[in-house]
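A.B. asks:
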Amino acid sequence: MIIVSDKAKERILELKKEEGRAENENIRVSVKGGGCSGLMYDLGFDATQAETDHVFEDKGVKILVDRKSLLYLAGTTLEFTDGLNGKGFQFVNPNANRTCGCGESFSV
Numbered sequence: 001m002i003i004v005s006d007k008a009k010e011r012i013l014e015l016k017k018e019e020g021r022a023e024n025e026n027i028r029v030s031v032k033g034g035g036c037s038g039l040m041y042d043l044g045f046d047a048t049q050a051e052t053d054h055v056f057e058d059k060g061v062k063i064l065v066d067r068k069s070l071l072y073l074a075g076t077t078l079e080f081t082d083g084l085n086g087k088g089f090q091f092v093n094p095n096a097n098r099t100c101g102c103g104e105s106f107s108v
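Using UniProt numbering, read the sequence shown as starting at 1 and increasing by one per residue.
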């Protein structure tokens, strides 16, 4: 399961409206190779749901995760910060052994 913080939910809804996204577009979270720690998060809107996708819903936000990425994302919380130290979505991942300074890549 992926948990969505209240701030992340608010920002997702704002972005959906600002970008004129369709109602059927959901959040897709995946993990890809790369970054300074070996793996990177990928986050975006997606209207296509594959048969092999795992679908989670938290606070009314539907999240699509492919089977491979699910192994790395189980128990992760999607946060949004807008403070002085940076603005953007952050992943609080209990499976990550190490993360880079910017929080965009990790290793397990």
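For each residue, glycine too, the CB sits at the ideal point set by N, CA and C. Nothing here was measured: the structure is a model prediction, and the numbers come from that model.
Per the DSSP calculation, residue 138 is bridged to which residue(s)?
C.D. replies: Absent from the structure is residue 138, since the part of the chain shown begins at 1 and ends at 108.
A.B. asks: Which residue from Pro94, Asn26, Lys17 puts its Cα closest to that of Asp58?
C.D. replies: One-based indexing of the sequence shown puts residue 58 at position 58. Ranking the options by Cα distance to Asp58, first place goes to Asn26.
A.B. asks: Given this structure, state the Cα-to-Cα distance separating Leu39 from Ser30, to the nearest angstrom.
C.D. replies: By one-based count along the sequence shown, residue 39 stands at place 39. By one-based count along the sequence shown, residue 30 stands at place 30. Cα to Cα, Leu39 sits roughly 10 angstroms from Ser30.
A.B. asks: Let me make sure I understand the geometry here. Which of Lys68, Leu71, Gln49 has the alpha-carbon closest to that of Lys62?
C.D. replies: Taking the first residue of the sequence shown as 1, we reach residue 62 at position 62. Out of Lys68, Leu71, Gln49, Gln49 has the C-alpha closest to the C-alpha of Lys62.
A.B. asks: Count the C-beta pairs between the stretch 2-12 and the stretch 71-89 that are closer than 8 angstroms, then say yes if the count reaches three, no if not.
C.D. replies: Yes: at least three Cβ pairs fall under 8 angstroms.
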